[in-house]
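In the numbering used here, the protein residues as written are 1149 to 1990.
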């Protein structure tokens, strides 16, 4: 196969010949030998009109394929064939593979022009091969004619440029993670100092991530996020080209920004091209060995990635609003006057334009024979679909409520458009009809990506999402430390997400990725309270220990009571005497909130004997209720933590409390509240109105002794830890008794000693904290024992009184170690054994 230089010369000759035979001005370059140029001009002078019969294209392609003794020495594209005007035409639709037949000579059935063109290509290839000192190799003829592939330089594996490809469709190589999300590592390579946030979308190739930041362009190892090299002064959504990286300078913006090629090995500069002032939203697109990028004040330019030389420059009527998409032999780019241009990639000629009603056009996506793009700042913010060949309007979709659309992901049937109203709209790719809508809790300014049947999206609400592409149903969400402005990157079973605060997350799957958590280059502020990562379970264990919080002399949990997870994925742990410790999912302490006392917004969680004091219950909108245990009341707060109201007085009457601790929403949205001293469960409306009570002191079915936390199962059943009776009682949604699990004791799979709380995994298994046995026991939904983990001690995965428990997204388990003054994290990493023979008591 010819080397890269030979192939580049072949492409240059093809463009020269194309211009020559079509009548345009054909300018030879320094890369073409003058003798070859002269021969080409003499051959063109012999040209005769091409045949006009309808079967010419099919016969020409068929004959060229049968006369393939030149093999891979001729860079023919299997989907294109030469035409008499020097242009390329698509494969004729009537041509289908057929059985082998005896070969015949190329000249038979060919026009004089076709013969001349073939001779020129042969001469050119022979010239290039011998000029580079390589003998021509003629492969043997094959019995079955096959298309001759285009020789291309080897490309690195992975995602190579913004939006996944030059057509900007948001399709990623994948595969995506399998199962529930698992944090593989989190890196904070910039240190998070103000302007040092991640400023551009990353590119990944051959196990290396390249990302622009306020501190330069970084190369990071995707295994752990560690830094490999840093090129200060460069950035801008890089694109990979072989062993090079196309980026831009980040200095001298007022005088123009240079485009650069850096070596992927060390970040050193190969060439610098002065292409005029650029914007941060203009990311280079590379297709067929050419770079396409807008340049100020109003140009679209094409450059040679090997040298940085400008191939052509096309003027737009106004400055480009965003970058270009490349497909179908055209570059599609919009300007700030609301006009979309289709520019031929070979010449820079404008093929067509389309004027929209907007003034700011997004980056187009090209697929399905159409160009899809968003508009803003017009009478309505609208999403457009245009015919890619003609620019004719196919359909539009107006943003509901005046929201603004961003760049979409497109597959063969659907366009997935994010909107500033926080929704992803799935539109029929052909008609524009709405198929489904997926709502988040914030704006969407990051673009979604597609891998197979899954849509991945990151938002401003502090979550990354995986969504079923066919139905819009959420598959999982994963908490991140701030808004994400750029598309996730999905490669080799991992989702990579960048955030505004400067973090990079590598998210794997519970069924396909290692469980160990690495905190590569964590921020200094978090490091003081960041737990150690030391998975301890063997590969056969279904549960793996991940970390335990340590704290410091100033920020240390004191007899932690209960743990709950808020809608943003943060962990709230009550601590004596009356405050909350708030952690992220990595165990980093984010803040403390609350003060001890009897006033509004103050709490009393002091319980030096039994623990499990205080609790918080979150509504989906972020508002919450606090069981202020030893102030004998419930307090309500809005999502911004402003006090709303409190209810309850000390006593044993309806609506009164002695020590409320357990809280849960029932199927109707009412609150169930257990009282550890009253030994019953009361039901309230969300505004605090008393609705009823069940239970009472005793050890019979439906009776309690120190009832603690309440958990609602997926079927609406109410599971209550009946601590003093050493069992868990299960009730129907109406409060009627269903069954109980456990009996007093230390030995045996169903022997419990003051159980504290129940939490459910994704399969409906019940995890029960067995406080005085220092264990977590696992039962199936029918109450049959299947597994246990823990044990007494201060080591990893051990407990000194296993207290409250919470499970995040079905597989991540958090357990309060009450006397150990810490929170421990575990992962469900494998299947549980089948249930034991014991059955729950009636």
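Ideal Cβ placement from N, Cα and C applies to all residues, glycine included.
Burial is judged here by how many other beta carbons sit within 10 angstroms of a residue's own beta carbon; residue 1585 has fewer than 16 and is exposed. Residue environment for residue 1651: buried (at least 16 other C-beta atoms within 10 angstroms of its C-beta). The alpha-carbon of residue 1622 is positioned some 21 Å away from that of residue 1553. The region 1839-1858 and the region 1868-1877 touch, with three or more beta-carbon pairs separated by less than 8 Å. The C-beta of residue 1941 has fewer than 16 other C-beta atoms within 10 Å across all chains shown, which makes the residue exposed. Residue range 1737-1741 is occupied by the beta strand (DSSP E) that includes residue 1740. DSSP lists 1695, 1962 as the bridge partner or partners of residue 1973. A distance below 8 Å between beta-carbons, with the five flanking residues on each side excluded, links residue 1934 to the following residues of its chain, in chain order: 1913, 1926, 1927, 1928, 1980, 1981, 1982, 1983, 1984. Looking only at 1577, 1616, 1580, 1569, the smallest Cα-Cα distance to residue 1594 is reached by 1569.
The beta carbon of residue 1471 sits closer than 6 Å to those of 1430, 1431, 1511, all from its chain and outside the five residues before and after it, given in chain order. In the structure shown, residue 1810 adopts extended strand secondary structure according to DSSP, grouped into three states.
In this structure residue 1326 is exposed. Its beta-carbon is surrounded by fewer than 16 other beta-carbon atoms within 10 angstroms.
Scanning its chain for C-beta atoms nearer than 8 Å, with the 5 sequence neighbours on each side dropped, one finds around residue 1891 the residues 1874, 1875, 1898, 1899, 1900, 1989, in chain order. Annotation for residue 1557: 1318, 1564, 1596, 1597, 1598 place their beta carbon closer than 6 Å to its own, counting only its chain and skipping 5 residues before and after. Going by beta carbons, residue 1924 and residue 1937 fall inside the 9 Å limit. Counting of Cβ neighbours within 10 angstroms places residue 1313 among the buried residues, the total reaching 16 or more.
In terms of Cα proximity to residue 1748, the closest of 1795, 1884, 1438 is 1795.
Assignment of beta-bridge partners to residue 1368 by DSSP yields 1357, 1375. Excluding the 5 residues flanking it on each side, residue 1648 has same chain C-beta neighbours closer than 8 Å at 1345, 1346, 1630, 1631, 1632, 1633, in chain order.
If only uninterrupted beta strand (DSSP E) runs of at least 3 residues are considered, those enclosed by the region 1859-1889 are 1866-1870, 1875-1879, 1885-1889. Classified as exposed, residue 1833 has fewer than 16 neighbouring CB atoms from the shown chains inside 10 Å of its CB. A Cβ-Cβ contact shorter than 9 Å links residue 1543 with residue 1580. Annotation: the continuous beta strand (DSSP E) that includes residue 1439 extends over 1438-1443. Per DSSP, residue 1328 has no beta-bridge partner at all. Rounded to whole angstroms, residue 1638 and residue 1658 show a C-alpha spacing of 16 Å.
For residue 1318, the secondary structure class from DSSP, reduced to helix, strand or coil, is coil. Residue ranges of uninterrupted beta strand (DSSP E) with 3 or more members, entirely inside the region 1521-1577 and ordered along the chain, are 1530-1535, 1541-1546, 1562-1566, 1571-1576.
The continuous beta strand (DSSP E) containing residue 1905 extends over residues 1903-1908. For residue 1934, the uninterrupted beta strand (DSSP E) run begins and ends at 1933-1938, by DSSP. In this structure, 1457 is the residue among 1363, 1457, 1413 with its C-alpha nearest to the C-alpha of residue 1423. The beta carbon of residue 1462 lies closer than 6 Å to those of 1448, 1491, 1496 in the same chain, with the five residues before and after it left out.
In this structure, the beta-carbon distance from residue 1836 to residue 1803 falls below 9 Å. For residue 1392, the enclosing beta strand (DSSP E) starts and ends at 1392-1397. The bridge partners DSSP lists for residue 1490 are 1480, 1500.
Cβ-Cβ distances below 7 Å link residue 1507 to 1484, 1485, 1486, 1525, 1526 in the same chain, with the five nearest sequence neighbours on each side left out; the list follows chain order. Looking at the DSSP output, residue 1785 bridges to 1772, 1791.
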